[in-house]
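To keep things clear, I will list the structure first and then write my remarks on it.
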Amino acid sequence: MSDASLLREKNYSHNVVYEYDCRNLVRGFVLKGGKPTLLLIAEENLGSPEALLDLSILESLLGSSSVTYEDGVLDGLSLVSQGAVEQVILDESIFDRERIYLKTAGRSSAVELNPEDLRKVLADLGFDSESDKPRLIPYDFGYAASEQTTKQRVISGIQPSGDMTLGNYLGAIINWKKQIEKYDENFFFLADLHSLTVLPDPADLRDRIRQTVMTLIACGLDLKQAVLFRQSDLGGYHSELAWIFSCLTPEGRLEQMTQFKEKSQKQQIIGTGLKTYPILMAADIALYQSTLVPVGDDQRQHLELCREIVRRFNHRYGYTMPVPKADIPKALARVKSLTDGTKKMSKSDENRDGCVYLLDSPDEISRKVKRAKTDSDPTLRFDEDNRPEVTNLLSMFKVLSGRDSEPNDAIEAYFNGKGAKGLKEELTEVLVETLRPIREKYNELATTSEQVDVVLKQGVERAEPIAKKTLALAKQRVGL
Ligand code: AMP
Ligand code: TRP
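The sequence shown begins at -15 in my numbering and counts up by one.
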């Protein structure tokens, strides 16, 4: 599991059991001394008693009306060997996985083993689906994403609301490309329904959609490995799940969102959509059973809310979709405007001098960087709080020159004595070279624009079956 770090290895009778510090996604139940105890529960953060299944399912299964969740009482499989257990109910689908992660109590760790070994362990302990007592009861809880422990599904969206910026590139696109190299299942989409929240001109929006697709391809998004689709092509699924989610989302949470506060100040009409925007975003993610969401830092809050909504849904209606994780770049998660280091570089910014656009010519880049705001201190230092503009330029240089693993003081030392002018010159150079192939590829694509339609059509074909399945399950869960 990619985000698990190995803590230690130990020999178990049937298996080498690896202890991982990781998310735990196995679900199963054990009846201890007549008292049903949830054996394996945590979606992540093993310390938290976070239930994934509707207790009523368990209650009807066990013929008991007093099922409670317990946390921290079990130590891996050892409780199973204590003899007090009468029944184990496991979701059958876990046996289809390559790896199973079991919770261990009191520690932030999980054991990993292969499914066959779990069968052997259970059989040895007398838990066997054939025998009467103690019993192993296979039960299909109908998880839509039973393979999720072994597979990551990546999703992310971008609004076709303006020319794509260096912020989009460094905050999101670079990371999308990295995920494509790492994982097999990658979904990216144009969040055009989200773009409607700021009431764009219809003809502009249509153009932007095409331009955004071409820019993404020009950035090197490998569409053999990734699915790229337009949100509104599957808008029925997205908006229906968003509606279901909206019924579970406390209104007050939406008002706390920074993006809502900022954007609503700029709008003459504050549409309801501007406020409910993160609910649609949660639906975008959950609809594809996604586990990992590469986004820039500005989306952190939205992702947190998405996680809350998915947890709430799973808790109330039974496990239906994974709780996704944000994947936010460490080095430069929020690229700031060139003219105001306290503001993010944004494609909707009216001041175009604050943004480096991915299709800017070398002259434009050079002009904007030359004019970029700095301060009067000639020594260049990373200092986010007191020198946001210089920090922004240094960080851009650091990432774009491929030196992001170096400590900040190495970059400071490199620019020692060169001053802001030297930094700007070198930054311009590296920006021009990074963006040159993107601009060239874009211009090439612009001559054959029918490729956009082909890409989007293929995207829908690949995305729709998953959206359809999740929505059907979610509707069934809520009683529709
Ligand atoms: P948007 O342009 O708002 O649709 O954003 C698309 C993606 O780019 C999201 O993952 C954002 O978090 C990311 N992004 C946009 N602007 C920036 C920025 N200035 N710095 C870092 N990431 C950004
Ligand atoms: N809200 C995101 C932005 O403005 C775009 C977006 C919409 C998104 N739905 C998403 C990003 C789902 C990731 C996952 O940048």
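For each residue, glycine too, the CB sits at the ideal point set by N, CA and C.
Only a predicted model underlies this, so the values are computations on that prediction, with no experimental measurement involved.
Can you check whether the CB of T242 is closer than 8 Å to the CB of L342? Within the sequence shown, residue 342 is the residue found at index 358, counting from 1. Within the sequence shown, residue 242 is the residue found at index 258, counting from 1. No, the pair does not count as a contact, with Cβ atoms beyond the cut-off.
On a Cα-Cα basis, can you pick out the residue from E410, F213 and K162 that is closest to V279? Taking the first residue of the sequence shown as position 1, residue 279 is located at position 295. Here the closest residue by C-alpha is K162.
Quick check: does the Cβ of D344 come within less than 7 Å of any heavy atom belonging to the ligand AMP? Start at 1 with the first residue of the sequence shown, and residue 344 comes out as number 360. Answer for D344: no, Cβ out of range of the ligand AMP.
By the three-class DSSP mapping on this structure, what secondary structure does D311 have? Counting from one through the sequence shown, the residue named residue 311 turns up at place 327. Correct three-state label for D311: strand.
Relative to the C-alpha of L232, which residue among I263, E288, K208 and V340 is closest? Position 248 of the sequence shown, counted from the first residue, corresponds to residue 232. Of the listed residues, the one whose Cα sits closest to L232 is I263.
Along the chain, where does the alpha helix (DSSP H) that runs through R190 open and close? Indexing the sequence shown from 1 puts residue 190 at position 206. Looking at the DSSP string, the run of the alpha helix (DSSP H) that includes R190 is P186 to A202.
Hey, how far is the Cα of Y153 from the Cα of F229? For the purposes of this step, residue 153 is taken as residue 169 along the sequence shown, with counting starting at 1. For the purposes of this step, residue 229 is taken as residue 245 along the sequence shown, with counting starting at 1. One C-alpha to the other measures close to 30 Å.
CB contact flag (A187, Q215, <8 Å): Residue 187 sits at position 203 when you count from the first residue of the sequence shown. Residue 215 sits at position 231 when you count from the first residue of the sequence shown. Not a contact, by the Cβ cut-off of 8 Å.
I'd like the span of the alpha helix (DSSP H) that includes N170, first residue to last. One-based indexing of the sequence shown puts residue 170 at position 186. From DSSP, N170 is part of no alpha helix (DSSP H) but of the beta strand (DSSP E) over E169 to L174.
Simplified DSSP state of K408, which is helix, strand or coil: Your numbering for residue 408 matches position 424 in the sequence shown. In this structure, K408 counts as helix in the three-state DSSP scheme.
Can you find the residues in the same chain that come closer than 7 Å, C-beta to C-beta, to Q143, ignoring five residues on each side of it along the sequence? Translated into the one-based positions of the sequence shown, residue 143 becomes position 159. The residues are A175, H178 and S179.
Keeping to the same chain, check which residues put their C-beta closer than 7 Å to that of S350; ignore five residues upstream and five downstream. Sequence index remark: in the sequence shown, residue 350 carries index 366 (1-based). Answer for S350: T412, listed in chain order.
Going by the C-beta, is S332 closer than 7 Å to any heavy atom of the ligand TRP? As a position in the sequence shown, residue 332 is number 348, starting the count at 1. Flag unset: Cβ of S332 not near the ligand TRP.
If you reduce the DSSP assignment to three classes, tell me which class E34 lands in. Reading the sequence shown from its first residue, position 50 is the one you call residue 34. Below a pLDDT of 50, predicted positions are generally treated as unreliable, and E34, at 30, falls in that range; no measurement from the model is reported.
For the beta strand (DSSP E) that F213 lies in, which residues bound it at each end? Taking the sequence shown and counting its residues from 1, one reaches residue 213 at position 229. It spans A210 to R214 - the beta strand (DSSP E) in which F213 sits, taken as one unbroken run.
Can you tell me where the alpha helix (DSSP H) holding V444 begins and where it ends? For the purposes of this step, residue 444 is taken as the residue at position 460 of the sequence shown. Looking at the DSSP string, the run of the alpha helix (DSSP H) that includes V444 is E434 to V462.
Got a sec: does the ligand TRP put a non-hydrogen atom nearer than 7 Å to the Cβ of V277? As a first step, residue 277 must be located in the sequence shown, where it is residue number 293. At least one heavy atom of the ligand TRP is nearer than 7 Å to the Cβ of V277, so yes.
Below 7 Å CB to CB, which residues in the same chain sit around K459 once its five sequence neighbours on both sides are set aside? By one-based count along the sequence shown, residue 459 stands at place 475. Answer for K459: no residue qualifies.
In three-state DSSP terms, what is P278? The residue labelled residue 278 in the question sits at position 294 within the sequence shown. P278: strand per DSSP, three-state reduction.
CA-to-CA distance, F172 to I164, given in whole angstroms: Position 180 of the sequence shown holds residue 164. Position 188 of the sequence shown holds residue 172. Rounded to the nearest angstrom, the two C-alpha atoms are 11 Å apart.
Segment contact, 8 Å Cβ cut-off, at least three pairs: the stretch 327 to 342 with the stretch 283 to 300: Contact between the stretch 327 to 342 and the stretch 283 to 300 is absent, because fewer than three Cβ pairs lie under 8 Å.
Cβ distance (whole Å) where G338 is taken to contact T323 below 8 Å: Residue mapping note: residue 338 aligns to position 354 of the sequence shown, counting from 1. Residue mapping note: residue 323 aligns to position 339 of the sequence shown, counting from 1. Going by Cβ atoms, the distance from G338 to T323 rounds to 4 Å, so yes, they are a contact pair.
If you check the beta carbons only, do T275 and P308 fall under 8 Å apart? Here residue 275 is taken as the residue at index 291 of the sequence shown, counted from 1. Here residue 308 is taken as the residue at index 324 of the sequence shown, counted from 1. By the CB criterion at 8 Å, T275 and P308 fall inside the cutoff.
Find the nearest neighbour of V353 within the set T181, M305, V416 and R190, judged by alpha-carbon distance. Counted from its first residue, the sequence shown places residue 353 at position 369. That would be V416, whose Cα lies nearest to the Cα of V353.
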